[in-house]
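Peer 1:
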Amino acid sequence: MQGKTLKEGAAKTAAIALFFAGIYFVAQAYTMAFHGIYIDCFSGQGGCGLRPFTEPSLPAALYGTFLAVGALVTFYLGVRALRWTHGPVSAPRA
Numbered sequence: 138m139q140g141k142t143l144k145e146g147a148a149k150t151a152a153i154a155l156f157f158a159g160i161y162f163v164a165q166a167y168t169m170a171f172h173g174i175y176i177d178c179f180s181g182q183g184g185c186g187l188r189p190f191t192e193p194s195l196p197a198a199l200y201g202t203f204l205a206v207g208a209l210v211t212f213y214l215g216v217r218a219l220r221w222t223h224g225p226v227s228a229p230r231a
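Following this line, the structure appears as structure tokens:
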């Protein structure tokens, strides 16, 4: 029983991480594709900030689209993993 609980806890932790990573990547894709900026949370300057990336152009939009597809996959995996930890969902009885 303990192994199952530990496995479910690890799966839930991974699912939550994937869920929030997906949200972060969607935000990155949107700002890169349509505004030519990106969200920099790893610069070591204490907090997140918007940094110029490039002028909005077709390559930037394609790169942002690629990020958005990756974000959707990450988000989907996180949601599926969260649903997996809750077990099978049965149809409501009429």
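So that you can map any letter, position 5 of the sequence shown is 142 in this note's numbering, and since no number is skipped, the others follow by simple counting. Yeah, the Cβ is synthetic: ideal placement off N, Cα and C, and Gly gets one too.
#1: Starting from the N-terminal side, write out each stretch of the alpha helix (DSSP H) that is 4 residues or longer and does not extend beyond the stretch 176–213.
#2: Is it the case that the Cβ atoms of Y167 and G215 are separated by a distance below 8 angstroms?
#3: Once the 5 residues before and after R188 are set aside, which same chain residues still bring their CB inside 7 angstroms of it?
#4: Per DSSP, which one or two residues make a beta bridge with I174?
#5: How many angstroms separate the CA atom of H172 from the CA atom of I153?
#6: Sort F190, L143 and K149 by Cα distance to L219 and report the nearest one.
#7: Beta-carbon separation of L204 and F162 under 8 angstroms?
Peer 2: Judging by the given coordinates:
#1: none
#2: no
#3: I174, Y175 and D177
#4: P189
#5: 28 angstroms
#6: K149
#7: yes
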